[in-house]
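Okay, so here's the structure we're looking at.
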Amino acid sequence: MRISTRVFAGSAVVAIALTGCSTKASNGNGGGSGSGDIKTDVGVTDSQITLGVMTDLSGVFKPSGVAYTAGNQLWADDVNSRGGICGRDITLDVQDHGYKPDNAVSLYPTMAEKDLAILQMVGSPILAALKQRITTDNMLTIPASWASENLDSEAVLMIGQTYDVEMINGLDFLQQEGMIKNGDTIGHIYVDSEYGLNAYKGTQYYAEQNDMTVIGAPVASTDTDMTAIMTKMKSEGVTAIAVTTASQATGSVVLQNVAQGLNVPVIGSSPTFSIQLLQNQSTVEAMANLHVVANNDAFGTGTNNETVNEIEKKYAAAYDDPADRAITGGYVFGMAMEAVLNQACDDGDLTRAGVLAARKKLDDIDTKGITGNLDFSDPGAPSSREGFIFAVDANAPVGMVVARELYASDDAKKYKTPYQK
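What follows is the structure in structure tokens.
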């Protein structure tokens, strides 16, 4: 089923506590038939649907958390300006876990009593701490975390490529551009967590398909000095380096790539780049060798996507914070949730169980090119295998410009994730 989502302006919303009920739906311009009896339980009243946002507004990923949440809010404003979903306004229940799993565990019970679903959950450790709870509660949750091992739960709704698919597409880009070839040796520096290990699986798969050798180098998430590891990569004769780390480590990788005379291409997973890296001119110059794979388009990348341009205008009018590529990510989370809730409305069932059932009926959600079209019909498979490849440009609003628009490599299309049917 193809679902198309439009972009409009709107007003701000606030969160309220909700009780379960069964209501007549009124027809709203936001989508969904809105006719007949609508079954509801948690997070839905006659006039409102409350969605949780469990994010980081005070911890190490505060910039991303703030940006994702702004994108969520811009989407909610747009939906409400055209009548809401199933005749109901969207409200956001925003909670700050500070990137601490213990905080998230403490916050969740209250959210579970009043939120229909979770529109944004930032952090692999947070998802790990709560996955069993959201699964038991039928709480559809969109994580800002993309390890394919988490697709064993139908409650987890990942938007776009998983980390393994992302890396397959990134390496394919390097090979298509003539930067690597069959028989080469690829180094991969990765955080020893589900984030890094999942991306490393993608590198291993690509190497197997293309007769390459992989030199893996696991690091801690807090490691920032890559000097010794880059020395090892040089001694191993690598012809390219894949990076799945925090952005500070990426900065060290590109600097040592130049300082030690390797000067090999570097391909980074989406979280490896932060615009804060561009504050150092030496790092900016060293990033000439870096490309980053990403799920979604962002402001000023050169794609000239009309929907992205509209979001950028609305963001500038509503917020003073600098642009961040997670803003469009937060918006597209909303587009995906909107499609699911519209389907649930058409089915006459806005209970949590009804929302989970609705997701599996959707196999072609049009995101207007912000990310690839989304297929939620197989919960164990990535919802898209398409991604963007970006180069670094210090003059761009988010520090990146497009090197290749949305595409999925042949190897990414063939690759099977752990829980794919």
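This note's numbering applies: residue -3 is where the sequence shown begins, and numbers increase by one.
Don't be surprised by glycine CBs; every beta carbon is placed ideally from N, CA and C.
Values in this document were obtained by computation on a predicted structure and should not be read as measured data.
Exercise. The beta strand (DSSP E) with Met117 in it runs from where to where?
Worked result: 113 to 118
Exercise. Straight-line CA distance for Ala203 to Arg348?
Worked result: Taking the straight line from one Cα to the other gives about 41 Å.
Problem set entry | Ala354 to Val250 span [Cα, whole Å] | 45 Å
Problem set entry | Given Thr241 as reference, the closest of Ile271, Val187, Asn253 once Cα atoms are compared | Val187
For this session: Starting from Arg419, trace the beta strand (DSSP E) both ways and give me its first and last residue.
Result: Because the chain is modelled from -3 through 417, residue 419 falls outside the range shown and cannot be assessed.
Problem set entry | Residue(s) in a DSSP beta bridge with Met283 | Looking at the DSSP assignment, Met283 forms no beta bridge with any residue, so it has no partner.
Exercise. Are three or more beta carbon pairs between the region 184 to 198 and the region 128 to 143 nearer than 8 Å?
Worked result: yes
Exercise. Would you call Ala255 buried or exposed, if buried means 16 or more other Cβ atoms sit within 10 Å of its Cβ?
Worked result: exposed
Exercise. Sorted by chain position, which residues of the same chain lie with C-beta nearer than 8 Å to Gly24's C-beta, five sequence neighbours on each side aside?
Worked result: Per-residue confidence for Gly24 stands at a pLDDT of 36, beneath the threshold of 50, marking its modelled position as unreliable; the derived number appears in the next sentence. These residues qualify, in order along the chain: Gly30, Arg78, Gly79, Gly80, Ile81, Cys82, Gly83, Arg84.
Exercise. Where does Val254 sit, in a helix, a strand or coil, going by DSSP?
Worked result: helix
Problem set entry | Local Cβ density within 10 Å of Pro105, reported as buried at 16 or more and exposed below that | exposed
Exercise. What are the boundary residues of the alpha helix (DSSP H) that includes Asp207?
Worked result: Segment: none, Asp207 is in no alpha helix (DSSP H) and carries neither H nor E.
For this session: Please list, in chain order, all residues of the same chain as Arg400 whose beta carbon is under 8 Å from its beta carbon, the five residues on each side excluded.
Result: Around Arg400: Phe169, Phe384, Ile385.
For this session: Return the chain-ordered ranges of every beta strand (DSSP E) run that is complete within the region 154 to 235 and spans a minimum of 3 residues.
Result: 181 to 187, 209 to 215
Problem set entry | Terminal residues of the beta strand (DSSP E) in which Ala399 lies | 396 to 403
For this session: Since I believe Leu88 is in contact with Ala63 (beta carbons under 8 Å), could you give me their beta-carbon distance rounded to a whole number of angstroms?
Result: Going by Cβ atoms, the distance from Ala63 to Leu88 rounds to 15 Å, so no, they are not a contact pair.
Exercise. Should Met117 and Pro139 be called a contact, given that it needs their Cβ atoms to be closer than 8 Å?
Worked result: yes
For this session: Could you spell out where the alpha helix (DSSP H) holding Val388 opens and where it closes?
Result: Premise fails: Val388 lies in the beta strand (DSSP E), 383 to 388, not in any alpha helix (DSSP H).
Exercise. So which of Thr303, Gly247, Asp316, Tyr315 has the shortest CA-CA distance to Asn285?
Worked result: Gly247
Problem set entry | Which of helix, strand or coil DSSP assigns to Ile366 | Residue state, collapsed to three classes: coil.
For this session: Taking Gly325 as part of the alpha helix (DSSP H), name the residues at either end of that continuous run.
Result: Run containing Gly325: 322 to 342, per the alpha helix (DSSP H) assignment.
For this session: Indicate whether Asp429 and Ile164 have their beta-carbon atoms separated by less than 8 Å.
Result: Beyond the ends of the chain as shown, which are -3 and 417, falls residue 429; an answer cannot be given.
Exercise. With contact counted as at least three CB pairs below 8 Å, one residue from each stretch, are the region 288 to 306 and the region 42 to 62 in contact?
Worked result: no
Problem set entry | Start-end ranges of the alpha helix (DSSP H) lying completely within the region 36 to 93, minimum 4 residues | 58 to 77
Exercise. Excluding five sequence neighbours on each side, which residues of the same chain lie with their C-beta closer than 6 Å to the C-beta of Ala404?
Worked result: Arg381, Glu382
Problem set entry | CB contact flag (Val351, Leu136, <8 Å) | yes
For this session: Have a look at the DSSP bridge pairing and note the partners of Thr240.
Result: Paired residue(s): Tyr186.
For this session: Between the Cα of Ala319 and those of Met222, Met331, Met50, Asp293, spot the shortest distance and give me the residue it belongs to.
Result: Asp293
Problem set entry | Close-in-space but distant-in-sequence residues of the same chain around Tyr95 (CB under 6 Å, 5 per side omitted) | Answer for Tyr95: Asp52, Gly55, Val56, Phe57, Gly119, listed in chain order.
Exercise. To which residues does DSSP link Pro139 through a beta bridge?
Worked result: Met117
For this session: Could you name the residues that DSSP lists as bridge partners for Gly264?
Result: Val239, Val288
Exercise. If you draw a straight line from the alpha carbon of Ala216 to that of Lys230, how long is it in whole angstroms?
Worked result: 21 Å
For this session: List the DSSP bridge partners of Val152.
Result: Thr137
Exercise. Are the beta-carbon atoms belonging to Glu162 and Val289 less than 8 Å from one another?
Worked result: Yes, Cβ-Cβ distance for Glu162 and Val289 is below 8 Å.
Exercise. Do Gly376 and Tyr411 have their CB atoms nearer than 8 Å?
Worked result: No. Outside cutoff.
For this session: Put Asp293 into one of helix, strand or coil per three-state DSSP.
Result: In the structure shown, Asp293 sits in coil (DSSP, three-state: anything other than H, G, I, E or B).
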